[in-house]
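These notes are about the structure you will find just below.
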Amino acid sequence: MSQQTSQQMSQTSVVDAHHHFWTYGEADQSAWRTGAHGAIARDYGPADLAGELAAAGVDAGVLMQSVDEPAENDRLAAWASQTPHVRGVVGWLPVLDPAAARAELARADTTSWCGVRTLVGRDPLERLADPGVVALFAELAERGLVWDVVPITPEQVRAVAGLARAVPQLRVVVDHLARPPLDTGGWEPWASNAAALAELPGVALKVSVGVDALTAWDAWRADVLPRYVGHVLDGFGADRLLLASNWPVVLLRASYAQAWGDLRDAVAKALADGGSDDVEGALAQVCGGSAVRWYGL
238 MSQQTSQQMS QTSVVDAHHH FWTYGEADQS AWRTGAHGAI ARDYGPADLA
288 GELAAAGVDA GVLMQSVDEP AENDRLAAWA SQTPHVRGVV GWLPVLDPAA
338 ARAELARADT TSWCGVRTLV GRDPLERLAD PGVVALFAEL AERGLVWDVV
388 PITPEQVRAV AGLARAVPQL RVVVDHLARP PLDTGGWEPW ASNAAALAEL
438 PGVALKVSVG VDALTAWDAW RADVLPRYVG HVLDGFGADR LLLASNWPVV
488 LLRASYAQAW GDLRDAVAKA LADGGSDDVE GALAQVCGGS AVRWYGL
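Numbering (our numbering), first residue to last: 238 to 534.
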């Protein structure tokens, strides 16, 4: 994409930085799907999302992997090739296995890739310090690929922070507000984890709600969002926050329009409460400009 086009997108485009497509039953989603997720046990594709984007005033999106397997990359490539609103794809890559990762980079159609992800859950991430893994991430950074990850435990945060320091040219995007305890109203260790990540200039964060909170909630809870959004805004600033729907997972508790609007409102409130002298400009960054820059859309 030309520099001029990128500048135009950063100023005018609204970008959903995190959504999925899937064909239900075609892939094993047991790493995150449970019996409580019957409401989203169906196919979701481009035609299902197009009207939601238009109604919410969203211009473009980043298509995310949701299954850790090579076939997922083939599905993502097919969807991206037929979906005009998809400006970038975050594909699957087994980043803790450099040989397998390089093999998948050579095999997969990475034309639309802007980043990579593998589902880490609460798995230990100490291998991020291995020289071979560090070298792989340096290669990913050279390719212009972002690493999406959700470190939850303090140990995971330290591992991600160590990698970010070892490969300062790597852009890291932390998904779903780094998964705060939205269901209980808890604060620590999440707040300290988020603050530690915010100290690293190569790390950005998505303002979205993850499957853990969506599963635990009985209903959508827009009222709890501002406290957590305010904390990450204080640490990251608007230029390192990316608004994201997590559709269709978010449909467990809210419509696309409701979730997008409430998340946007939480950011606007945090900006106003924080004394921003340009709420609309900063909000535009969170709603699109940051995604354009971080993902190189």
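Glycine residues also receive a C-beta, built at the ideal position from the N, C-alpha and C atoms.
The structure presented is a predicted model; accordingly, all values stated were derived computationally and were not measured.
In the displayed model, Arg324 falls within a strand according to three-state DSSP. Looking at the backbone, the Cα of Ser482 and that of Leu290 are separated by about 10 Å.
The continuous alpha helix (DSSP H) containing Trp531 extends over residues 527-532. Leu480 and Asp515 have their C-alpha atoms roughly 18 Å apart. Counting along the chain, no beta strand (DSSP E) covers Leu313; the unbroken alpha helix (DSSP H) around it starts and ends at 307-319. Taking all protein chains in view, the Cβ of Gly358 is surrounded by fewer than 16 other Cβ atoms within 10 Å, so the residue is classified as exposed.
For Asp385, the secondary structure class from DSSP, reduced to helix, strand or coil, is strand. Linking Pro321 to Ala396 through their CA atoms gives a straight-line distance of about 37 Å. For His468, the enclosing alpha helix (DSSP H) covers residues 462-473. Cβ-Cβ distances below 7 Å link Ile389 to Arg359, Arg416 in the same chain, with the five nearest sequence neighbours on each side left out; the list follows chain order. Put simply, the backbone Cα of Cys351 is about 17 Å away from that of Val251.
The criterion of a C-beta distance shorter than 7 Å is not satisfied by Asn310 and Gly325. In the DSSP assignment, the residues bridged to Leu480 are Val444. In the three-state DSSP reduction, Leu342 falls in the helix class (H, G or I). DSSP places Asp280 in no alpha helix (DSSP H); its state is neither H nor E.
Of the other Cβ atoms in all chains shown, 16 or more fall within 10 Å of the Cβ of Pro335; this residue is therefore buried. At the C-beta level, Thr355 and Val332 come within 7 Å of one another.
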